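Written below as structure tokens is the structure these notes are about.
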Amino acid sequence: MAKRFDIKDLNIYYGKFHAVNSVNLAVPPRNVTAFIGPSGCGKSTVLRSLNRMHEVIPGARVEGKVLLDGEDIYASNVDPVEVRRTIGMVFQRPNPFPTMSIRDNVVAGLRLAGVKNKKHLDEVAERSLRGANLWNEVKDRLDRPGGGLSGGQQQRLCIARAIAVQPDVLLMDEPCSALDPISTLAIEDLITELKKEYTIVIVTHNMQQAARVSDQTAFFNLLGVGQPGQLIEVDDTEKIFSNPGQKATEDYISGRFG
Amino acid sequence: MAEEVTGSSPPAKSNGRRRGDGVFRSMTTGSSLVIVVSIGLIGLFLLIQAVPSLNANNINFFTSPEWATGEVGNLRFGIRDLLVVTVLSSLLALAIAMPLAMGIALFLTHYLQPKLARPFAYVIDLLAAVPSIVFGLWGAKVLGPALEPVATFLNENLAWVPLFSDGNVSLSGGGNIFTAGIVLSIMILPIITAVSREVFRQTPVMQIEGALALGATRWEMIRTTVLPFGRSGYIAGSMLGLGRALGETVAVLIILRSATSSSTFSFFDGGYTFASKIASAAPEFSEPLSTGAYIAAGLVLFVFTFAVNALARYVAGRGKAKAS
Chain A
1 MAKRFDIKDL NIYYGKFHAV NSVNLAVPPR NVTAFIGPSG CGKSTVLRSL
51 NRMHEVIPGA RVEGKVLLDG EDIYASNVDP VEVRRTIGMV FQRPNPFPTM
101 SIRDNVVAGL RLAGVKNKKH LDEVAERSLR GANLWNEVKD RLDRPGGGLS
151 GGQQQRLCIA RAIAVQPDVL LMDEPCSALD PISTLAIEDL ITELKKEYTI
201 VIVTHNMQQA ARVSDQTAFF NLLGVGQPGQ LIEVDDTEKI FSNPGQKATE
251 DYISGRFG
Chain B
1 MAEEVTGSSP PAKSNGRRRG DGVFRSMTTG SSLVIVVSIG LIGLFLLIQA
51 VPSLNANNIN FFTSPEWATG EVGNLRFGIR DLLVVTVLSS LLALAIAMPL
101 AMGIALFLTH YLQPKLARPF AYVIDLLAAV PSIVFGLWGA KVLGPALEPV
151 ATFLNENLAW VPLFSDGNVS LSGGGNIFTA GIVLSIMILP IITAVSREVF
201 RQTPVMQIEG ALALGATRWE MIRTTVLPFG RSGYIAGSML GLGRALGETV
251 AVLIILRSAT SSSTFSFFDG GYTFASKIAS AAPEFSEPLS TGAYIAAGLV
301 LFVFTFAVNA LARYVAGRGK AKAS
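Heads up: the sequence lines are chains A and B, in that order. Take the first sequence: its position 218, counted from the start at 1, is 218 in the UniProt record's numbering, and no numbers get skipped. Take the second sequence: its position 47, counted from the start at 1, is 47 in the UniProt record's numbering, and no numbers get skipped.
Quick look at the structure:
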């Protein structure tokens, strides 16, 4: 549990298009790392390369290394399916499986991993829903479809689904962008609690959110149209927002562009 | 102020637009009405033509296997065998085509790369363009004889299953429901595949990614997202195929041998479906009362197909309500 990432010279391509250029980044365990930057700068692409989800898009490929506690997740003997089982992901828009009940949604990952013991599954469902601060709201309707919940509840259901398998790392791709402020606050509180146990990487367009929830912030930018995205700088969140090392970072966080 | 100005000046223009709206609306309403009215009139026509013959019928219309309409004074016709042959051949077609179509549709949408999927899908659609008379000739002259050993094997080894017991026609040449069902399955494959392909393709990417991110393999992803999402469409497509199989005429007419004894509820029966029975008698529709017997059979097919479609809609609608 709670492993660290070391990203070394990561280049990402979609076919011939060079999307992200040479990222070097360390993500410490039990810590929240935020990726910020303008649209199209490659921050989501980098995030999706951390659990090999970008490979879902035909033609996508990666050069460089992504080490999870020292082991390269892109080594030739590593199965992407196994990588995704140990690295959880929460998406921009809540995506519970609409035909499954709330309980089945939460334990879907365990079921895929072959767990069949009903008692164990029920325990995990309760623990995960409690962990996602959703238990009290849904404990009376665990057998109802997950699609019937509000947007914020659905997103917490997706977080419960992701943490049910006790992943090494939790990746979040703009998890609050489709939510109202109250639900956003609930998710942010949850992130602060989850980081006691999990390594978290979050992509966000909301700089206040990055400032509130993260310990470390990485700023990505585009050097120009058609150019690959770059990691401009990474540092403690406090430092990035008070005294950034690069002019581009300062311009971005003070709202002068992007 | 600004609102008042824009509010008062363009009414003439908006009137013009409304006239266009009105014309378009009556056009669309009219086209829809034409369909509803024609279906109603077809039903009415069948009913009016069928009733006098049904009244003159001397045996039970639903349970009798006999069909003798030659003597106007002594009409004896029942649809039992027509129903059995129609249902058996269509269900066999569906049982073969449904899994095949699902496999093809999943392969096209989630395994094959899009560049190759398009020409492949085109080939499947082309099957729908083959005239049914060609399927009929192929079934009677090529597939039937080729299937004869298979049919003999099934008959010899599985005769204890009623569906594979001895039929009312000889196995030689393959002029039985077994052959007809397989030909029908090929004929309905394109429609089921096309509909399934479209619904499987529309599975939300969010859900597919959600499953993959949980560590689902390709097949597990399909099982947890694509199949539940596409279920209602797949069933609706299969029912469209069933509708086509129920009504298929000329291919079945060419393939099936006529039988001298009544149906034994076996795949190795010959005989007629509703549609092929009516087509076979078409040259002799001179006497209204005899013709009415065939029209009554047509009425049953009409109602039966209608019921199948209604059932399909119900199933599809229920699936949708559950998914949302």
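Glycine included, C-beta positions come from ideal geometry on N, C-alpha and C. Treat the numbers as computed from the prediction; the structure is a model and nothing was measured.
At the level of alpha carbons, what is the spacing between residue i and residue j?
i, j, result
"residue 45/A", "residue 213/A", "21 Å"
"residue 271/B", "residue 265/B", "11 Å"
"residue 258/A", "residue 211/A", "Note that residue 258/A scores 46 on pLDDT, short of 50, meaning its location in the model is unreliable; the coordinates nonetheless yield the value given after this. The alpha-carbon atoms of residue 258/A and residue 211/A are separated by roughly 17 Å."
"residue 60/A", "residue 204/B", "20 Å"
"residue 132/A", "residue 108/B", "38 Å"
"residue 10/A", "residue 53/A", "15 Å"
"residue 100/B", "residue 190/B", "10 Å"
"residue 246/B", "residue 87/A", "52 Å"
"residue 220/B", "residue 293/B", "53 Å"
"residue 236/A", "residue 28/A", "12 Å"
"residue 157/A", "residue 104/A", "11 Å"
"residue 43/B", "residue 299/B", "7 Å"
"residue 166/A", "residue 113/A", "12 Å"
"residue 150/B", "residue 170/B", "14 Å"
"residue 120/B", "residue 98/B", "18 Å"
"residue 93/A", "residue 106/A", "17 Å"
"residue 45/B", "residue 302/B", "12 Å"
"residue 145/A", "residue 40/A", "35 Å"
"residue 169/A", "residue 200/A", "6 Å"
"residue 199/B", "residue 251/A", "46 Å"
"residue 96/B", "residue 208/B", "28 Å"
Let's test the definition: count the other Cβ atoms within 10 Å of the Cβ of residue i and tell me whether it reaches 16, buried, or not, exposed.
i, result
"residue 193/A", "exposed"
"residue 58/B", "exposed"
"residue 113/B", "exposed"
"residue 63/B", "exposed"
"residue 328/B", "No statement about residue 328/B is possible, as the shown extent of chain B runs from 1 to 324 and does not include it."
"residue 160/B", "exposed"
"residue 89/A", "buried"
"residue 58/A", "exposed"
"residue 395/B", "The structure shown does not extend to residue 395/B, since chain B is modelled only from 1 to 324, so the question has no answer here."
"residue 366/B", "Here chain B covers residues 1 to 324 and nothing more, so residue 366/B does not appear."
"residue 228/A", "buried"
"residue 122/B", "exposed"
"residue 317/B", "exposed"
"residue 244/B", "buried"
"residue 174/A", "buried"
In this structure, what does DSSP give as the bridge partners for residue i?
i, result
"residue 67/B", "77/B"
"residue 68/A", "5/A and 71/A"
"residue 87/A", "169/A"
"residue 32/A", "200/A"
"residue 11/A", "63/A"
"residue 229/A", "20/A and 222/A"
"residue 26/A", "6/A"
Where does residue i fall in DSSP's three states?
i, result
"residue 235/A", "strand"
"residue 216/A", "strand"
"residue 105/A", "helix"
"residue 133/A", "coil"
"residue 300/B", "helix"
"residue 192/B", "helix"
"residue 327/B", "Absent from the structure is residue 327/B, since the part of chain B shown begins at 1 and ends at 324."
"residue 50/A", "coil"
"residue 7/B", "The predicted position of residue 7/B is uncertain, since its pLDDT is 46 and thus under 50; no value can be drawn from it."
"residue 184/B", "helix"
"residue 125/B", "helix"
"residue 225/B", "helix"
"residue 117/A", "coil"
"residue 328/B", "The question about residue 328/B has no answer here: the residues shown for chain B are numbered 1 through 324."
Starting from residue i, find everything on chain D with Cβ-Cβ shorter than 7 Å and list it in chain order.
i, result
"residue 156/A", "Here the protein chains are A and B, and chain D is not one of them."
Tell me the start and end of each unbroken alpha helix (DSSP H) in the stretch 243–286 of chain B that is at least 4 residues and wholly inside, in chain order. 250–255 and 274–281
Going along the chain, which unbroken runs of the beta strand (DSSP E) with 3 or more residues stay wholly within the stretch 135–204 of chain A? 169–173 and 199–203
Of all the alpha helix (DSSP H) runs that stay within the bounds of the stretch 135–175 of chain B, which reach a length of 4 or more residues? 144–157
What are the complete alpha helix (DSSP H) segments, minimum 4 residues, inside the stretch 88–116 of chain B? none
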